[in-house]
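Below is one structure; the comments refer to it alone.
Numbering (our numbering), first residue to last: 605 to 1070.
Quick look at the structure:
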């Protein structure tokens, strides 16, 4: 499948008869709903994970005998960090799980670029993740289930994102908008998942919540398989079908510059994700232990907190797009690197609200839910300045023949960031909450300043390909 020559904004030849919805290829919406259900499964499981460990699995007296690998993993972590109570142990495991979820996409990208292609690798990932979610219903296979989820996500995540970019020719002005639409699909799934999986897990039974996540993954796989005709042929398939002998071409000097620019940006993202991912870790503990969820006599499940961020994405992503379009018409729109720096600053500033909320806290005190909502609002705006912009940037700047691998590098920054999230979470009970949130504030601001310091040389390389 090849695109016809296109200038920015010009419609390209598309699969599926060239049909469009709202000016975008039908394939975008196939990927939108596939990713929506995959994120439903991921965030549904994540909304329960720390609470499941802290409030149920790890407080069982026979956990070391019943859960395969528990003693080995706990012993390894304690040999590094010293004795770990239930909460810091759970935070460490949460951090390791969410970190490895973003390490394996690098290898999933290589698998797609070199062997299977994007489509087959996405299907493989979806099957592995569905197995992992259903295995969560078996307490003794808790860590085995996490391994299936880690490897499945590695195959799925980079290759679904690169297929969005492949729907548009170089220079097509719709690409950033497409990634914003795609990102809204991610957050639609993330919004509903705590409401469904979180409620089932907390109110009915943990395993019902995990099972619902598995059903969501199966639905996503069915949508993807039935929408194949609307997707672009894999890069590896196009290479194999091209005439002439296969020649392995080394990266050019310009391509290496683009690769290193992306690697530097990914490195600077690590601190952002370390602070951002507290939403599923210590911020979920705050929501469960320090927030008043009583609404007119009904106690709302605390996992509903994790629906705040995605519903705000839905509300404010279109508004930000309109603001950026307005700035672009006046020649004042920030470039991609500047937007990402702004995202880091906003993340750091958001935790100032939690510093104020934590003043004078005692175990008996529960704060109004608006403290969490206000913090999440600023975090969300920061995320919109960084995450979808970065996804789009990778597909525009990375050399085409290694685009899935470079998308894996983008997610690799989340590997280190999510582990950092778990490590920072071990200080939740060691520090006053005010000091903990101040630490997150300083880390976010430092990341923003570091990104600005590198912005000029990176922009010189990146801007030629945006």
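Backbone N, C-alpha and C fix where the C-beta goes; we use that ideal spot for every residue, glycine too.
Would residue 924 pass as an interface residue toward chain C - the criterion being a Cβ-Cβ separation below 7 Å? The structure shown contains no chain C; it holds only a single protein chain.
Hey, could you find the ends of the alpha helix (DSSP H) residue 709 is sitting in? 690 to 715 is the extent of the alpha helix (DSSP H) around residue 709.
What is the C-beta distance between residue 870 and residue 1017, in whole angstroms, given that I count them as a contact (C-beta under 8 Å)? Between residue 870 and residue 1017 the beta-carbon gap is near 4 Å, inside 8 Å, which marks them as a contact.
Helix, strand or coil for residue 896 per DSSP? coil
Can you look up residue 1064 in the DSSP assignment and give me helix, strand or coil? helix
Please return the same chain residues whose Cβ sits closer than 6 Å to the Cβ of residue 1060, not counting the five positions on each side in sequence. So the list is empty, once near-sequence residues are dropped.
With burial defined as no fewer than 16 other Cβ atoms inside 10 Å of the residue's Cβ, what is the status of residue 560: buried or exposed? In the structure as shown, the chain begins at 605 and stops at 1070. Residue 560 is therefore absent and cannot be evaluated.
Note down, in chain order, each residue of its chain lying with its Cβ closer than 7 Å to the Cβ of residue 992, except the 5 sequence neighbours on either side. The residues 783, 784, 787, in chain order, have a CB closer than 7 Å to that of residue 992 in the same chain once the five nearest residues on each side in sequence are set aside.
Where residue 1049 and residue 652 are concerned, what is the direct C-alpha to C-alpha distance, given to the nearest angstrom? Approximately 30 Å between the Cα atoms of the pair.
Is the beta carbon of residue 1098 less than 7 Å from the beta carbon of residue 691? Outside the displayed span of the chain (605 to 1070) sits residue 1098, for which this structure offers no information.
Compare the beta carbon distance of residue 1032 and residue 886 with 7 Å and say whether it is the shorter of the two. yes
Going along the chain, which residues of its own chain have a beta-carbon closer than 8 Å to the beta-carbon of residue 660, five neighbours each way excluded? 810
Pull up the distance between the alpha-carbon of residue 719 and that of residue 1037, whole angstroms please. Computed Cα separation, rounded: 48 Å.
Taking the CB atoms as reference points, tell me whether residue 940 and residue 957 lie closer together than 7 Å. no
Thinking just about the alpha-carbon of each residue, which of 650, 688, 647, 963 is nearest to the one in residue 1027? 688
What residue from 860, 943, 915 has the CA that sits closest to residue 790's CA? 915
From this set, 1005, 741, 726, 1021, which residue's C-alpha is nearest residue 759's C-alpha? 726
Consult DSSP for residue 629 and reduce its assignment to one of helix, strand or coil. DSSP places residue 629 in strand when its eight states are reduced to three.
Contact check, residue 1030 vs residue 696 under 8 Å by CB: the rounded distance? 6 Å
Opposing strand residues paired with residue 803 [DSSP bridges]: Answer is none; residue 803 lacks a bridge partner.
Could you tell me which whole beta strand (DSSP E) segments of length 3 or greater appear in the region 638 to 684? none
Are the beta-carbon atoms of residue 866 and residue 1055 separated by less than 7 Å? no
So, residue 1010 versus residue 1002, is the Cβ gap smaller than 7 Å? yes
Here's the rule: buried if 16 or more other CB atoms are within 10 angstroms of the residue's CB, otherwise exposed. What is residue 1024? buried
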